[in-house]
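So for the sequence shown, my numbering puts the first residue at 61; every next one is plus one.
The C-beta atom is built at its ideal place from N, Cα and C for all residues, glycine as well.
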Amino acid sequence: MRLGGLVLLFVALVLMVGCTAPKLTPSPASPPIPTPTPVPSPTPPSLPSPSVPSLPAPTLPKPPASISPVPPPSPPTPEPAPATTPAPTVDKVIRLYYYGVPTIGGDPAAAAGPHAIYSATSSDGIHFQEEPGVRFSYDSGTQFGITDPDVVRLNDGSWLMFLSLGTQLLKATSPDSSGTFTHDKSFNWNHGGVPGSYNFGGNVRTFVSYQGGIHVAAYDQTNGTLRYTGVALNPPPSGMIADPSVIEVDNKFLMFYKYAPSPSAPPSEHEIYLATSADGITWSQHTQNRFICKGSVPGAVYYNDAIYIYYCGIPPKPGAPPSDMGVATSTDKGATFTLSTISLRGKVSAGVVDPAAVVVSLAESTAKP
C-alpha cells in the first residue's frame, strides 16, 4: 500500500512538470521578438532619405537671400565718403570785414556820424553773402572817423580788431569773429594807422602805416598793449607806402601793401606791391618788390590753396555796374594773378571800402545780428 501510494505520487508530480513545461515554451514566443526588429530597420532608411534632400534645399537658398541684401547697404556707405572729400573746400569760409560808407563821394573817413564795420562771407573767395548786424560802430564826434578794420585771431581763440583813426588806433575784441566787437577804452596808440596784424605762431605783430613807410609793433596778449619794435619797410625814394596785409604761404611770409606817388594821390592812382620775408621780421624793400596791380588798401587771405587780395580804388568802367572792390587771385602761390571785381548788393551802406579778410570755420560762419 505505501509503495503503491508513492508510485502514484511520483506519477502525479511528473504529470505536473509535463503540464508546466509546454506552457513555458510558447510564453517566450519568438514571433514577438522578431516583430520589433523589422520596425526599427525600415525606419533608419526612411529618415535619411527625406532629410538629405530637405536639408540642402532650405540651407542653400537662405545664404544667398541673407547675403544679397548686404551689398545694397554697402554702396550707400561709400557715398558719404565722396561727400566728405569736397569738405575741405567748404568746411571753412572767408569772412570779409569792411567799412560801410554812408554816402558816395568825398573822403570816406570824413563822413559825419558813426562809422560802422560790417562783414560778409564767401566759400569761393569771389561771391559774398552779406551778414546781418554790425561788427563794430564808433562815432568819433569829429569830421574824421574810424576806417580800415584789421582783424586777427589770438592764442585763446578770441578775436582782436584794430581800427584806424588817422595815426591812432582803436582796439576792440570779441569772443568770436561773427559777433559784435567791444571797444577797449583803455587802449592807447598814436604811432601809425591803417594796420595789418598777423599771428606768427603765437606772436602777434601789427604792421602800421607811419612816416611814409611801414613800421611794426608787438602785441602783448596778456595785458592787451602794443609795443613799437621798428621799421619793416622803409619809405621809397619817392611817394609813400602804407596799408600792409600779411599772409603765410608754404612757410614764407607775404606782405601786400599800397604805393602812392604822393599822400594826396587819389586811390585810382595807387598800386599794390608784394614784399617777402622768411621770418616775418626782415622784409624785402620796396625797390626789390613786385608790382601786383593797380589798387588801394589791400586785404589779403590764403584760402583753399589760393591767394585772394581784396582792394579798393577800382576806376569806374563806362557802362558797367559799379563794383565795390577788386580781387586779385593767384592759384600758383603768387606767381601770377588774375583780376576780377565783387559787388555787395543789398547792403545797408552806400558802398564798401577798406577790406580785411580772415578764414573761419563753418561753426563761426553765422553772424549774430
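- Apart from sequence neighbours up to five positions away, the residues of its chain that approach proline 326 with a beta-carbon distance below 8 Å are Gly373, ordered along the chain.
- Judged by DSSP in its simplified three-state form, alanine 366 adopts strand.
- For histidine 175, the enclosing beta strand (DSSP E) starts and ends at 175 to 182.
- If you draw a straight line from the Cα of tyrosine 159 to the Cα of glutamate 191, it is about 13 Å long.
- For glutamine 228, the uninterrupted beta strand (DSSP E) segment begins and ends at 228 to 234.
- DSSP places histidine 346 within a helical segment (H, G or I) once states are collapsed to three.
- In this chain, the beta strand (DSSP E) harbouring leucine 314 covers 312 to 320.
- Runs of the beta strand (DSSP E) lying entirely within the segment 373 to 411 and spanning at least 3 residues, in chain order: 385 to 390 and 398 to 402.
- Just so you know, the alpha carbons of serine 238 and valine 419 end up roughly 12 Å apart.
- Contact between glycine 394 and valine 306 does not hold, since the beta-carbon distance rounds to 13 Å and is not under 8 Å.
- DSSP links histidine 275 through a beta bridge to Val268 and Val291.
- Taken atom to atom, the span from the alpha-carbon of valine 413 to that of valine 357 is near 8 Å.
- In this structure, alanine 335 places its C-beta atom within 9 Å of the C-beta atom of leucine 293.
- Using a Cβ distance threshold of 9 Å, leucine 404 and lysine 152 do not count as a contacting pair.
- Per the C-alpha coordinates, the member of Lys377, Tyr362, Gly379 and Gly166 positioned closest to aspartate 184 is Tyr362.
- Residue state for leucine 422 is assigned as helix, using DSSP reduced to three classes.
- Collapsing the DSSP output to three states places alanine 170 in a helix.
- Checking the DSSP bridge columns, you'll see tryptophan 219 partnered with Arg213 and Ser234.
- Separation of the CB atoms of alanine 277 and arginine 287 is rounded to 6 Å, and the pair is thereby assigned contact status at 8 Å.
- Spatial neighbours of isoleucine 367 in its own chain (CB-CB distance under 6 Å, excluding positions within 5 residues in sequence) are listed in chain order as Ser390 and Gly394.
- By the CB criterion at 9 Å, isoleucine 177 and serine 200 fall outside the cutoff.
- As the crow flies, the alpha-carbon of proline 321 is around 19 Å from that of glycine 253.
- Bounds of any beta strand (DSSP E) do not take in alanine 325, whose DSSP letter is neither H nor E.
- Selection Pro323, Asp365, Arg265 and Gly411 evaluated against leucine 220 yields Arg265 as nearest (Cα-Cα).
- By the neighbour-count criterion, in which 16 or more other beta carbons inside 10 Å mark a residue as buried, isoleucine 352 falls on the buried side.
- In this structure, the straight-line span from the alpha carbon of isoleucine 341 to that of serine 409 is close to 38 Å.
- When the five nearest sequence neighbours on each side are left out, no beta carbon in the same chain lies closer than 6 Å to the beta carbon of alanine 172.
- A residue is called buried when at least 16 other Cβ atoms come within 10 angstroms of its Cβ; histidine 330 meets this threshold and is buried.
- A Cβ-Cβ contact shorter than 9 Å links proline 209 with tyrosine 157.
- Aspartate 384 and tryptophan 249 have their C-alpha atoms roughly 30 Å apart.
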